[in-house]
Ligand SMILES: *[C@@H]1O[C@H](CO)[C@@H](O)[C@H](O)[C@H]1NC(C)=O
Ligand SMILES: *[C@@H]1O[C@H](CO)[C@@H](O)[C@H](O)[C@H]1NC(C)=O
Ligand SMILES: *[C@@H]1O[C@H](CO)[C@@H](O)[C@H](O)[C@H]1NC(C)=O
Ligand SMILES: *[C@@H]1O[C@H](CO)[C@@H](O)[C@H](O)[C@H]1NC(C)=O
């Protein structure tokens, strides 16, 4: 079935060994019969497969039964060689215990609707808008941008590369909801109190046998907020950050974060912000990719966002908003004004689906969730700072940045119609080529539904585990020892 309890894993679908014996006996006894039999089997099999393929590709995918038939094929989830990963059993005040206080986890928003469904948030009805595949499990959610840590946790708990035996583990996951914790104490003026949970975490870790083995070099945390929220220094301004990522122990770990510090974050790895699509099956992914590939895109470019008063790194936004509102080729979905729809997932995706290019200007920080919304919508991202993506997501986005994005230096963006001119200058063939690269990136920047196993493609968490395994393997030189 689709959903798998963490344990047991494999034995469910493996054949009892006596069956194999019976088969081999039959084989030696009556070869002739067997040939007949297997020809017949082969034919039936091919026949069945053809029908399934026809059902798959020529019938509208609204028939739930078709999908169920295909995915019901017994298949135990297997680990692809990443890990094994061990999950620390932390006291719940470091993770799910924080959720009891969900209305106070973020000074701007009530997080209660966002932390449900393992952090996916509220399901979105997609009857009018998106995929044609209807299933029992919804695949579109109004996911909060700073909630990746919860989804990663849930995914790993259900991951085939998980081990319950720390002595077998290559990598160790510390399931700390650091982002939720961080935003819950932004307003705490007493630094000792603001840092206390981070300090407690480190105290716990350093007492652990498995920490001591490699000084934490094989440990990692995943944070749903930007690294800046965990890097308070004595000299710098105090905007509410704690000191988690500056603590010597944590510097030995790998830190997955939606925005790394490009200058001081050598142990930090950028992971995509979660967007809204969390499929359980490959067919849903393929259907979505097909749909947006075929979509007419009437707008040359679009911008979803608002201005940022007095923020130097977001100055280009003023220019973007101005140029976009003056251009007939640009669709502007401005945030901040009353009744703005810029936070409604399906409105955002719709605007991006209708655009060939999506402007991604730095805002409160360098990165934006919007970058991943635009990739999901097959819209080519346009960056104005190298730190919005290029110095961030090396595990997820191609090194050759021209293949999937456009870079406009801030100083080249200013002046009447400048952005439009740059984008109009890119040939249709080039646009098509880039869009194809973008569409093919969707699976790896997607967080699949945590209850799904063996979806048939590698998502954010699979890629992270694979890369962490290499990284840790190289660091601790224990390849092959587990
Ligand atoms: C995953 O499955 C479990 C058990 O069937 C269920 O309790 C849980 O709500 C599901 N999680 C999500 C996010 O749907
Ligand atoms: C901050 O909190 C700690 C722990 O409760 C306390 O010992 C300390 O006196 C407080 N510091 C200030 C400046 O209030
Ligand atoms: C970090 O790792 C290095 C090298 O393994 C080790 O010498 C150092 O003591 C570790 N630091 C902490 C705080 O564990
Ligand atoms: C358009 O492209 C040409 C050749 O690729 C380049 O020389 C020119 O500077 C471009 N113009 C703009 C406005 O980007």
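Numbering (our numbering), first residue to last: 40 to 521. Glycine included, C-beta positions come from ideal geometry on N, C-alpha and C.
Apart from the 5 residues on each side of it in sequence, residue 341 sits with its Cβ closer than 8 Å to the Cβ of 363, 369, 370, 371, 372, 390, 391, 393, 394, 396, 397, 398 and 418 in its chain, given in chain order. The C-alpha of residue 161 is placed about 7 Å away from the C-alpha of residue 153.
Within a 10 Å sphere around the beta-carbon of residue 164 sit fewer than 16 other beta-carbons, which makes this residue exposed. At a Cβ-Cβ threshold of 8 Å, residue 218 and residue 185 count as neighbours. Going by DSSP, residue 122 is part of no beta strand (DSSP E) at all; its letter is neither H nor E. Judged by their CB atoms, residue 400 and residue 344 are nearer to each other than the 8 Å cut-off. The three-state secondary structure of residue 370, taken from DSSP, is strand.
In the three-state DSSP reduction, residue 400 falls in the coil class, being neither helix nor strand. Comparing alpha-carbon positions, the option among 122, 324 and 471 lying closest to residue 205 turns out to be 122. In its chain, beyond the 5 residues on either side, 344, 345 and 381 have a beta carbon closer than 6 Å to the beta carbon of residue 374. Taking 8 Å as the cut-off, the Cβ atoms of residue 289 and residue 212 do not count as close. Where residue 339 is concerned, the enclosing beta strand (DSSP E) starts and stops at 338-344.
Proximity to ligand 2 was defined by a C-beta distance below 6 Å to any of its heavy atoms, and the residues meeting it, in sequence along the chain, are 229, 231 and 232.
Distance check between residue 270 and each of 158, 230, 484 and 253 places 230 closest, using alpha-carbon atoms only. One thing to note: residue 190 has its Cβ within 8 Å of the Cβ of residue 313.
CA-to-CA, the gap between residue 323 and residue 415 works out to about 13 Å. It is roughly 12 Å from the alpha-carbon of residue 439 to the alpha-carbon of residue 430. Going by DSSP, residue 307 is part of the beta strand (DSSP E) stretching over 307-309. Listed as beta-bridge partners of residue 201 by DSSP are 124.
In the three-state reduction of the DSSP assignment, residue 135 falls in the helix class. Relative to ligand 1, the beta carbon of residue 156 is positioned inside 7 Å of a heavy atom. Taking a cut-off of 8 Å on C-beta distances, the region 466-486 does not touch the region 290-302, as fewer than three cross pairs fall below it. Nearest to residue 147 by C-alpha distance, out of 338, 178 and 226, is 226. With 16 or more neighbouring CB atoms inside 10 Å of its own CB, residue 233 falls in the buried class. Counting C-beta pairs closer than 8 Å gives three or more between the region 444-451 and the region 460-477, which meets the contact rule. In the displayed model, residue 444 falls within coil according to three-state DSSP, outside both helix and strand.
Excluding sequence positions up to five before and after residue 411, its CB lies within less than 7 Å of the CB of 311, 312, 314 and 484, all in the same chain and listed in chain order.
Taking C-beta atoms as the reference points, residue 145 and residue 224 fail to come closer than 8 Å. Collapsing the DSSP output to three states places residue 179 in a strand.
With a cut-off of 7 Å, the C-beta of residue 309 is classified as distant from ligand 3, since no heavy atom of the ligand falls inside that distance. Counting along the chain, residue 259 sits inside no alpha helix (DSSP H); it lies in the beta strand (DSSP E) bounded by residues 258-262. One alpha carbon belongs to residue 433, the other to residue 263, and they sit about 17 Å apart. For residue 129, there is no enclosing beta strand (DSSP E), as DSSP marks it with neither H nor E.
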